[in-house]
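If you read the sequences in order, they're chains A and B. Start counting the first sequence at 6; every next residue gets the next number (the working numbering). Start counting the second sequence at 389; every next residue gets the next number (the working numbering). Each residue gets a CB set at the ideal place from its N, CA and C atoms; glycine is no exception. Down below is the structure, laid out as structure tokens.
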Amino acid sequence: MTGERELDMDQLLDNLDMRVIVCCGSGGVGKTTTAAALALRAAERGRKTVVLTIDPARRLAQALGLRELGNTPTEVEVDGFEPAGQLSAMMLDMRRTFDDMVLAHAGEKRAQEVLANPFYKTISTSFSGTQEYMAMEKLGQLAAEGRWDLIVVDTPPSRSALDFLDAPQRMSSALDGRMIRLLSGPARTGGWGLRKVVGAGIMMFAKAVSTVVGGQLLADASAFVQAFDSMFGGFKQRARKTYELLRGEGTAFVVVAAPEPDALREASYFVERLAAEQMPLSGLVINRTHPVLAGLSASTATAAADNLDRTGDAPLASAVLRLHADRVAVCERERRLLARFTKAHPSVPVVHVPAMPQDVHDLEGLRTIGERLTGH
Amino acid sequence: MGYSPIGWTEQVSRARLHVVTGKGGTGKTTVAAALALALATGGRRVLLVEVEGRQGIAQLFDTAPLPYEERRIASAPGGGEVRALHVDAEAALLEYFAMFYNLGIAGRTLRRMGAIEFATTIAPGLRDVLLTGKVKETVGRTDERGRHVYDAVVLDAPPTGRIVKFLDVTKAMAELAKVGPIKDQSEGVVRLLHSQDTAVHLVTLLEEMPVRETVEAVAEITAADLRPGAVIVNRVRPPRLPARSVTPAAGGRVDASRVRNGLATAGLDLAPEDVEGLVEETVEHAIRVLAEQRAREQLTEIDLPAVELADVHHGIDTAALYELAEALVDQGVRGR
Chain A
6 MTGERELDMD QLLDNLDMRV IVCCGSGGVG KTTTAAALAL RAAERGRKTV
56 VLTIDPARRL AQALGLRELG NTPTEVEVDG FEPAGQLSAM MLDMRRTFDD
106 MVLAHAGEKR AQEVLANPFY KTISTSFSGT QEYMAMEKLG QLAAEGRWDL
156 IVVDTPPSRS ALDFLDAPQR MSSALDGRMI RLLSGPARTG GWGLRKVVGA
206 GIMMFAKAVS TVVGGQLLAD ASAFVQAFDS MFGGFKQRAR KTYELLRGEG
256 TAFVVVAAPE PDALREASYF VERLAAEQMP LSGLVINRTH PVLAGLSAST
306 ATAAADNLDR TGDAPLASAV LRLHADRVAV CERERRLLAR FTKAHPSVPV
356 VHVPAMPQDV HDLEGLRTIG ERLTGH
Chain B
389 MGYSPIGWTE QVSRARLHVV TGKGGTGKTT VAAALALALA TGGRRVLLVE
439 VEGRQGIAQL FDTAPLPYEE RRIASAPGGG EVRALHVDAE AALLEYFAMF
489 YNLGIAGRTL RRMGAIEFAT TIAPGLRDVL LTGKVKETVG RTDERGRHVY
539 DAVVLDAPPT GRIVKFLDVT KAMAELAKVG PIKDQSEGVV RLLHSQDTAV
589 HLVTLLEEMP VRETVEAVAE ITAADLRPGA VIVNRVRPPR LPARSVTPAA
639 GGRVDASRVR NGLATAGLDL APEDVEGLVE ETVEHAIRVL AEQRAREQLT
689 EIDLPAVELA DVHHGIDTAA LYELAEALVD QGVRGR
């Protein structure tokens, strides 16, 4: 295709300096499958690989031997699977990762206080950025363990690919004591200095918030933040370290998108954002495309099918011609959508992964996707 | 085929709030917009609401990002109109506070400091309470003669994975204030969402995962005492092969010589690799048709009215939205 650079995925997988591959993209584009297929291929090409999946479909998880949330990697052992390297896989257990983190950073007593706080329960399970934050934390742990020479990371199924980068920051500011102190007792903690800066409005706001969300919740939150405060420095430091890892030489971002307007728009945002953050983008995977396999135009095919239908002689050939014409139309739509992306980002290498006719839920299927990802 | 869509029922037509959900990537926003146009057909006024902060409606109708206000976005056949509203939780919170407290210019300062985002995230239910509260206000709003301003409201809702949590304001409230103005307001929301006036529609594709999520979501919706409306099967592609050829073709058995002869009859003389390519396309098509049949059979298990929308080859633009709306009207979709 014109104006498009090709993404050489095997080169990426074989590069021993490459230690982390992050698969990002909006929800529903096939990130998890892509991550698993890349990890499998890397293992078969000799690397000691671990894939961190976030929320795999049940059957994909089974294919990797992940029957339950383990929160620690287990080696994939399937009959007949003997990779030159090694493949381990794990599913992120967000709550446990958070618990472990608290336990590791606080003294026994403090940790129990935090774990028992109702507000902690909310924030560790349903806060909008927790999954992303914990994925980062887990990545940091895996990297620190040093047991693998390649970590492939799937990212949470958020609406926007950008959430992966933004969420830890959001989480961080929610856990930061300043805001909660402001709301739970502005007059006391802020004193006159604060009063001067923000005026009486914020006092009113704090009162309103406490009316709306309830005094109990604010009190819980406040107690949580106080208990959490001592660990907070450590948390932030780790988050910063992981962030540095993501910006480092040994990390590659692979953006996954379906050939659909929304997914490609998200991919565009993400590519721009990575550039702004100076994070290393390897390229774009256009997942589940429908290439045309025969050199015959849609109009010729349709005209020929019309001819055949008039006589009714060759129903099979007519059907074949019509389904081919449909496919040409789909392919053209996909090409148009992709052209918009490549015009805006001509330097981003792209690889097309033709759609599998069926969902993938075994290693064989993942292997086939791996081949398609590398243009074989 | 396994099942045939039974179309839009009388009961679904009675709803005033149409909540549209579906797995990500199934075309929820497109369907919500087409549904709004269909419901507005024949002179009605419909409000199309989005709450996910994506500006999907503006992109669909190819206009500038929507502000937090209701504005006309399209005319419907027969004198109807669709207005659109992008609800932003922060703006809704400020609007809400302004009703009870005089914040003055502090609102802007608070926003800049991230205090509002903080307040809506510290209490995760609060955001949903605010969003559904705003939706409820638009559904119930009346003019000076006491008539509803909107004949129907269509909500482009969060995806199936989060829909029950989103709509189950009762639960969210249990975690929030036990008293106060928001409590009173949310009781009205709960009443509306659990009444005959609300229908939760599910958008799906004829694929394994979206259908499974749909089936699960229906069970969840019912268990939460909400009312599932219709299943809207999106992007349906025509089966091209004669029914008896599908199964053999899916197993790789396509009679290449018959295809070649047929092509010759039509005056086409293709290279062998092109014929091979056609055969391969046919096998993939057949596998997909079989998967779609299985998906349809699974959908019959959930006993809901269903309508279908054909795939739009050239992509969705405003013209395509009107075509989809027309298809919905043809299948019995109408407002009350």
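Where the alpha helix (DSSP H) containing residue i begins and where it ends
{"i": "B:Val647", "result": "Ala644 to Thr653"}
{"i": "B:Ser463", "result": "Not the alpha helix (DSSP H): B:Ser463 falls in the beta strand (DSSP E), residues Arg459 to Ala464."}
{"i": "B:Pro660", "result": "Pro660 to Glu689"}
{"i": "A:Gln16", "result": "Met14 to Asp19"}
{"i": "A:Pro266", "result": "Pro266 to Ala281"}
{"i": "A:Thr1", "result": "Missing from the structure shown is residue 1 of chain A; chain A here goes from 6 to 381 and no further."}
{"i": "A:Leu120", "result": "Glu113 to Ala121"}
{"i": "A:Ala149", "result": "Thr135 to Glu150"}
{"i": "A:Ser31", "result": "A:Ser31 -> no alpha helix (DSSP H), and no H or E assigned at all."}
{"i": "A:Asp104", "result": "Met99 to His110"}
Alpha carbon of residue i to alpha carbon of residue j, nearest angstrom
{"i": "A:Gly366", "j": "B:Ala403", "result": "First, the residue type needs correcting, since residue 366 of chain A is His and not Gly in the sequence shown. Roughly 40 Å separates the two Cα atoms."}
{"i": "A:Gly375", "j": "A:Ala140", "result": "24 Å"}
{"i": "A:Arg327", "j": "A:Pro362", "result": "18 Å"}
{"i": "A:Cys336", "j": "B:His701", "result": "9 Å"}
{"i": "B:Val619", "j": "A:Ala263", "result": "24 Å"}
{"i": "A:Thr256", "j": "B:Leu425", "result": "47 Å"}
{"i": "A:Met14", "j": "A:Asp331", "result": "31 Å"}
{"i": "A:Ala68", "j": "B:Val552", "result": "30 Å"}
{"i": "A:Ala268", "j": "A:Val260", "result": "10 Å"}
{"i": "B:Ile705", "j": "A:Ala116", "result": "In the sequence as presented, Ile is not what sits at residue 705 of chain B; that position holds Asp. If you take the alpha carbons of B:Asp705 and A:Ala116, they lie about 55 Å apart."}
{"i": "A:His295", "j": "B:Val634", "result": "20 Å"}
{"i": "B:Glu685", "j": "B:Glu438", "result": "32 Å"}
{"i": "B:Arg515", "j": "B:Pro693", "result": "31 Å"}
{"i": "A:Arg24", "j": "A:Ala47", "result": "11 Å"}
{"i": "B:His474", "j": "B:Tyr538", "result": "16 Å"}
{"i": "B:Glu664", "j": "A:Val325", "result": "11 Å"}
{"i": "A:Lys281", "j": "A:Phe275", "result": "Per the sequence presented here, residue 281 of chain A reads as Ala, with Lys not at that position. Roughly 10 Å separates the two Cα atoms."}
{"i": "B:Ile461", "j": "B:Glu469", "result": "8 Å"}
Per-residue burial, residue i [other beta carbons within 10 Å of its own, 16 or more giving buried]
{"i": "A:Thr38", "result": "buried"}
{"i": "B:Thr602", "result": "buried"}
{"i": "A:Gln283", "result": "exposed"}
{"i": "B:Thr688", "result": "exposed"}
{"i": "A:Asn20", "result": "exposed"}
{"i": "B:Ala472", "result": "buried"}
{"i": "A:Thr135", "result": "buried"}
{"i": "A:His381", "result": "exposed"}
{"i": "B:Thr530", "result": "exposed"}
{"i": "B:Thr798", "result": "Outside the shown range of chain B, which is 389 to 724, sits residue 798 of chain B, and nothing can be said about it."}
{"i": "A:Pro61", "result": "buried"}
{"i": "A:Glu11", "result": "exposed"}
Within chain A, partners of residue i - CB distance below 7 Å
{"i": "B:Gly410", "result": "Neighbours of B:Gly410 on chain A: none; closest Cβ ~10 Å, over 7 Å."}
{"i": "B:Glu596", "result": "Asp364"}
{"i": "B:Asp544", "result": "Result: empty, since nearest Cβ-Cβ is about 12 Å, beyond 7 Å."}
Range covered by the beta strand (DSSP E) that runs through residue i
{"i": "B:Ala421", "result": "Premise fails: B:Ala421 lies in the alpha helix (DSSP H), Lys416 to Ala428, not in any beta strand (DSSP E)."}
{"i": "A:Asp159", "result": "Leu155 to Asp159"}
{"i": "B:Val700", "result": "Run containing B:Val700: none; DSSP gives neither H nor E here."}
{"i": "A:Phe258", "result": "Thr256 to Ala262"}
Chain-ordered chain B contacts of residue i [CB-CB under 9 Å]
{"i": "A:Val335", "result": "Arg625, Asp699 and His701"}
{"i": "A:Val358", "result": "Within 9 Å Cβ-Cβ: nothing; A:Val358 doesn't reach chain B, min ~14 Å."}
{"i": "A:Ala263", "result": "Gly413"}
{"i": "A:Arg278", "result": "Neighbours of A:Arg278 on chain B: none; closest Cβ ~16 Å, over 9 Å."}
Where residue i meets chain B, residues with beta-carbon distance less than 8 Å
{"i": "A:Pro362", "result": "Val671, Glu672, Ile675, Arg676 and Ala679"}
{"i": "A:Gly32", "result": "Gly412, Gly413 and Pro547"}
{"i": "A:Leu328", "result": "Arg628, Leu629, Glu669, Thr670 and His673"}
Neighbour list for residue i in chain A, Cβ cutoff strictly below 9 Å
{"i": "B:Ala472", "result": "Neighbours of B:Ala472 on chain A: none; closest Cβ ~18 Å, over 9 Å."}
{"i": "B:Glu668", "result": "Leu298 and Ala299"}
{"i": "B:Leu658", "result": "Ala299, Gly300 and Leu301"}
{"i": "B:Asp643", "result": "Leu321"}
Proximal residues of chain B, C-beta to C-beta of residue i below 7 Å
{"i": "A:Asn312", "result": "Ala654"}
Proximal residues of chain A, C-beta to C-beta of residue i below 8 Å
{"i": "B:Asn649", "result": "Ala319 and Ala322"}
{"i": "B:Pro630", "result": "Pro320, Leu321 and Ala324"}
{"i": "B:Arg646", "result": "Ala319, Leu321 and Ala322"}
Heavy atom of the ligand MN within 6 Å of residue i beta-carbon
{"i": "A:Val356", "result": "As for the ligand MN, it is missing from this structure, which has no ligand bound."}
Original post:
At which residue ranges does the region 296-337 of chain A contain complete alpha helix (DSSP H) runs of 4 or more residues, listed in the order of the chain?
Top reply: 303-316
Original post:
Can you list the beta strand (DSSP E) stretches of 3 or more residues lying completely in the region 575-632 of chain B, in chain order?
Top reply: Under the rule that a run must span 3 or more residues, the beta strand (DSSP E) segments found entirely inside the region 575-632 of chain B read 586-592 and 616-624.
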